[in-house]
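Engineer: Before anything else, here's the structure in question.
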Amino acid sequence: MGSRRPQYSMPDDSGAGLIGLFRRLPPAVKLALSILVDLVGCFTYLFPAVGEVADVWWAPLSASIIYAMYGSVFYAVLGFAEEMLPGTDLIPTASLAWMYDYYKRRRRLARDPNSGAM
9 MGSRRPQYSM PDDSGAGLIG LFRRLPPAVK LALSILVDLV GCFTYLFPAV
59 GEVADVWWAP LSASIIYAMY GSVFYAVLGF AEEMLPGTDL IPTASLAWMY
109 DYYKRRRRLA RDPNSGAM
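See the structure below:
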């Protein structure tokens with residue numbers, strides 16, 4: 009009768025908040041953060057027993073950072089899987105996401121120089 013369903017919505021990725029801040033970072037800063045994310049993932053590989061436990065903690069955090077910077081569910085899931093699967097910590101998932109994002113922005117800017125995509 010008078011029962012209302014709760015309204016759920018996805019966070020607004022375009023502007024305010026931490027995600028908006030990550031999305032507006034200059035490409036060089038995103039690259040530095042991506043390399044840092046990949047290095048942290050590699051460092052957990054250096055400590056065999058501790059590293060696998062650390063990966064359980066690092067995998068969702070890494071995926072969240074990748075999603076916040078690039079808005080790509082594909083790369084976020086890939087980053088999560090890369091951290092969770094044994095022996096795959098050396099794959100630079102965040103840096104690959106940066107390369108794709110940078111290439112995509114360059115192509116957009118080449119098509120429309122007034123877009124301000126960079």
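Residue numbers 9 to 126, in my numbering, belong to the letters of the sequence shown in order. Even glycine gets a Cβ: it sits at the ideal position worked out from N, Cα and C.
Between residue 97 and the rest of its own chain, which residues show a CB-CB distance below 6 Å, the 5 nearest in sequence each way excluded?
Structural biologist: Contacts found: 49, 50, 53.
Engineer: Pull up the distance between the alpha-carbon of residue 67 and that of residue 121, whole angstroms please.
Structural biologist: 37 Å
Engineer: When you compare the CB positions of residue 46 and residue 78, do they come within less than 7 Å of one another, or not?
Structural biologist: no
Engineer: Are residue 70 and residue 87 close, meaning C-beta to C-beta below 7 Å?
Structural biologist: yes
Engineer: To the nearest angstrom, report how far apart residue 84 and residue 115 are at their CA atoms.
Structural biologist: 22 Å
Engineer: Given a cut-off of 7 Å on the beta-carbon distance, is the pair residue 42 and residue 102 in contact?
Structural biologist: yes
Engineer: Excluding sequence positions up to five away, which residues of its chain have a Cβ less than 8 Å from the Cβ of residue 33?
Structural biologist: 41, 77
Engineer: Between 93, 62, 105, 63, which has its C-alpha nearest residue 38's C-alpha?
Structural biologist: 105
Engineer: Go through its chain and collect everything with a Cβ distance to residue 80's Cβ below 8 Å, but skip five positions before and after it.
Structural biologist: 74, 105, 108, 109
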